[in-house]
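*Asks:* Under the working numbering, the residues of the sequence shown are numbered 269 to 766, in order. Below is a structure I'd like to ask you about.
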Amino acid sequence: MKQTLCFVVFALTLHAEVLLHTNFKSGLQHWRIPDYWNGKLQHTNGMMQMTSTERDGKNFARVLTHCKQLEWGGNWLRVSVKAHGQGELRSGLIKYFPDSQGKIDYTTMQYVYSEPAFVLTETPQSFEYTFKLGEDVPILIATILQIDGTGDAFIASYKIETTCAPEAQMENLNAYQVFPEGAPIGEFRFRFSRANQPALIFHNGQVHKATTDSNGLLTISGLTAQKGLNRITASAEGAIATSYIDTLPQQEWDTFAQAASKIKIFDKIHCLFIGDSLTDFDRGHNCIDKLGFWLDKYNPGQFSVRNAAVRGDFITRVEQRLKGEKAFMQERYDNLFAENYDLIIFWLGHNDTRTNSNTGFSQALVPPQKQEESFHRVIKLIRQSSQAPILLISPSPANAQMLQERAAKQATGRNVILFGKAEHVQAYDQILQKLAVDLKLGYMQITEAFRQHPELPTLFQKDGVHLSEKGHSFVAMQLLAAFAENPLLKQITAEEKH
């Protein structure tokens, strides 16, 4: 089925993901020495200088910072350091584990270091070391550098990234699924690039040992699903793939099923989705994946989607990327129109409408006139390759009250970024409605549905901008309702297309 293939493509092990990369040219970049550790830290000539000090008969220096956090089980992490100086330098990690309530248990944290130490010289050198987490499932990792004994190190750069063995690749063979609580969740299948390879499967903090068969297949069954989102992750030789399932209370599952069962797709629909971080983040279980599951459940094989959303996007950057100009994550649009689409959906706006204190929060990143002009050019570019119906979705309002209260508390003298300012969101939406009329496009109102939700803050993560799991479910339900009620979407699901 088209949909299954789409999920599998995104389930392949990704290339190395950089979790932290610091060159120290502009400062220490959040590296620090806690008061209870030894050492002196300063910024010197565009480098981080760490110097050993003595305390209680021990002479060393240790610095730490935090990197991007992952679901850590089974990962390999490669640390690269460029440094010179005197003494012995080690890279390391602090692994923090949970207590019975899921909070950090500081009595069980572990320090791990590179072995052997790197011997510093006055000539700058580059050092690398790979940490293999294996069966450990920490809930937090901190990165550290340490000088053993007397020493003075000048760190020019530090990088930590995921890695794996050469040619190791893990593939998720499962589509995203949603179950009512208590339902059996069946078997999960993965494929590794080598046969008869020891592997690990992680679920709900539990580790299951397994071995791939003669075809590289890896299977596990009999898992007990927890409430909400479940991650089933397979790992071998540092290669990782994750399958996601959701379990919902029976009443909520029935509500989704009732909405989805009303939609009848008589001819296959292949959809292109152009969005920002709201639909780029949480791939594998976000609102687009949830929509895909429910449409496929009652219309098997009839709906597929290419999710071309890019975090941070706004309409003028979409235009740059469509023109082939240099833009962030240009590769996301590679061969974009090599596929034939039956529907194109735009959901942008929360970046376009962001503002900052340097303008007194009075000017959106993409002002209305610029937004309208760019959309006209974007639609014209698309029409050179596709005549598919286009749906414009109104922007997310974010958790505007919380964001405004937080912005008001920010220190003066700083340029504060603010998302969700109502006047900018409204102006953006008015342009969308005008475009829909002028260019004969579809339009879907979701902003007010957010605002009218009785528990709006719960639809967003703590940052007030990005969707929570509850928020993704909310958007998926709004999209399902639109497929049954929106004039444009009803038209393309009809048996006879005109």
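C-beta: ideal position from N, C-alpha, C; glycine also. Note that the structure is predicted; figures quoted are calculated from it, not measured.
Please name the residue or residues paired with residue 444 in a DSSP beta bridge.
*Replies:* Bridge partners of residue 444: none, in fact.
*Asks:* Name the residue from 316, 325 and 314 whose alpha carbon lies nearest to the alpha carbon of residue 305.
*Replies:* Nearest C-alpha to residue 305: 325.
*Asks:* Which stretch, first to last residue, makes up the beta strand (DSSP E) that contains residue 556?
*Replies:* No beta strand (DSSP E) contains residue 556, which is instead part of the alpha helix (DSSP H) from 555-566.
*Asks:* Give me the DSSP bridge partner(s) of residue 617.
*Replies:* Partner(s): none; residue 617 has no beta bridge.
*Asks:* Can you tell which of 559, 427 and 583 has its C-alpha closest to the C-alpha of residue 821?
*Replies:* The question about residue 821 has no answer here: the residues shown for the chain are numbered 269 through 766.
*Asks:* Quick one: what's got a C-beta closer than 6 Å to residue 310's C-beta in the same chain, skipping five residues either side?
*Replies:* For residue 310, where only same-chain residues beyond five positions count, the Cβ hits under 6 Å are 317.
*Asks:* According to the Cβ coordinates, are residue 639 and residue 696 closer than 8 Å?
*Replies:* Yes, the Cβ-Cβ distance between residue 639 and residue 696 is below 8 Å.
*Asks:* For residue 764, collect the residues of the same chain with a Cβ closer than 6 Å to its Cβ; drop the 5 residues on either side in sequence, then sort them by chain order.
*Replies:* Model confidence at residue 764 stands at a pLDDT of 49, short of 50, so the residue's coordinates are unreliable and nothing is read from them.
*Asks:* Alpha carbon to alpha carbon, how far is residue 440 from residue 719?
*Replies:* Computed Cα separation, rounded: 37 Å.
*Asks:* Should the segment 330-337 be regarded as contacting the segment 381-396, the criterion being three or more beta carbon pairs within less than 8 Å?
*Replies:* Flag = no, the segment 330-337 and the segment 381-396 do not touch.
*Asks:* Relative to the C-alpha of residue 355, which residue among 625, 413 and 341 is closest?
*Replies:* Of the listed residues, the one whose Cα sits closest to residue 355 is 413.
*Asks:* Roughly how many angstroms lie between the CA atoms of residue 378 and residue 366, to the nearest whole one?
*Replies:* Cα to Cα, residue 378 sits roughly 12 Å from residue 366.
*Asks:* Going straight from the alpha carbon of residue 654 to that of residue 698, what length do you get?
*Replies:* Their Cα atoms are separated by approximately 25 Å.
*Asks:* By Cβ distance below 8 Å, which residues in the same chain neighbour residue 607 in space, the five residues on each side in sequence not counted?
*Replies:* Once the five neighbours on either side are set aside, the close Cβ partners of residue 607 are 538, 540 and 574.
*Asks:* So, with DSSP's three-state summary, where would you put residue 528?
*Replies:* Of the three classes helix, strand and coil, the one that applies to residue 528 here is helix, per DSSP.
*Asks:* So residue 344 packs on residue 405, CB below 8 Å; how close in whole Å?
*Replies:* 15 Å between Cβ atoms; not a contact.
*Asks:* Please state the DSSP three-state secondary structure of residue 342.
*Replies:* Looking at residue 342 - three-state DSSP - the assignment turns out to be coil, as it is neither helix nor strand.
*Asks:* Taking the beta strand (DSSP E) that residue 573 falls in, what are its first and last residues?
*Replies:* It spans 571-575 - the beta strand (DSSP E) in which residue 573 sits, taken as one unbroken run.
*Asks:* Count the other CB atoms, across all protein chains shown, that sit within 10 Å of the CB of residue 620; report buried if there are 16 or more and exposed otherwise.
*Replies:* Buried, by the Cβ-count rule.
*Asks:* By the three-class DSSP mapping on this structure, what secondary structure does residue 601 have?
*Replies:* Residue 601 falls in the helix class under three-state DSSP.
*Asks:* List the endpoints of the continuous beta strand (DSSP E) containing residue 396.
*Replies:* From DSSP, the beta strand (DSSP E) with residue 396 extends over 393-400.
*Asks:* Where does residue 511 fall in DSSP's three states?
*Replies:* In the structure shown, residue 511 sits in a strand (DSSP, three-state: E or B).
*Asks:* In the DSSP assignment, what are the bridge partners of residue 475?
*Replies:* In the DSSP output, where bridge partners are listed per residue, residue 475 has 470.
*Asks:* Whose C-beta lies closer than 6 Å to the C-beta of residue 466 among residues of the same chain, with five residues either side of it excluded?
*Replies:* Closer than 6 Å at the Cβ level, and outside the excluded window around residue 466, lie 479.
*Asks:* In angstroms, rounded to a whole number, what distance separates the CA positions of residue 691 and residue 642?
*Replies:* Their Cα atoms are separated by approximately 20 Å.
*Asks:* Using the beta-carbon count (16 or more within 10 Å), is residue 298 buried or exposed?
*Replies:* Classification of residue 298: exposed, given that the 10 Å Cβ count is below 16.
*Asks:* If residue 559 and residue 744 are in contact, beta carbons under 8 Å, what's the gap, nearest whole angstrom?
*Replies:* Confirmed, about 5 Å.
*Asks:* Is the segment 578-594 touching the segment 515-531 in the sense that three or more CB pairs, one from each, lie closer than 8 Å?
*Replies:* The segment 515-531 is not in contact with the segment 578-594.
*Asks:* Where residue 392 and residue 415 are concerned, what is the direct C-alpha to C-alpha distance, given to the nearest angstrom?
*Replies:* Cα-Cα distance, rounded: 16 Å.
*Asks:* Give me the Cα-Cα distance between residue 672 and residue 665, rounded to the nearest whole angstrom.
*Replies:* Looking at the two C-alpha atoms, the distance is approximately 12 Å.
*Asks:* Mapping DSSP to helix, strand and coil, what is residue 277?
*Replies:* Reliability fails at residue 277, whose pLDDT of 33 lies under 50, so the model's placement of it is uncertain and the value that follows must be treated cautiously. In this structure, residue 277 counts as helix in the three-state DSSP scheme.
*Asks:* For residue 758, which of helix, strand or coil comes out of DSSP?
*Replies:* The answer is helix: DSSP assigns residue 758 an H, G or I state.
*Asks:* What does the alpha-carbon distance come out to for the pair residue 483 and residue 464?
*Replies:* Each residue's Cα considered, the two are about 8 Å apart.
*Asks:* Quick one: what does DSSP say residue 480 is sitting in, helix, strand or coil?
*Replies:* Coil at residue 480, not helix or strand.
*Asks:* May I have the straight-line CA-CA distance separating residue 369 from residue 375, to the nearest angstrom?
*Replies:* Each residue's alpha carbon lies about 14 Å from the other.
*Asks:* For residue 355, does the three-state DSSP call read helix, strand or coil?
*Replies:* Note: residue 355 maps to strand in three-state DSSP.
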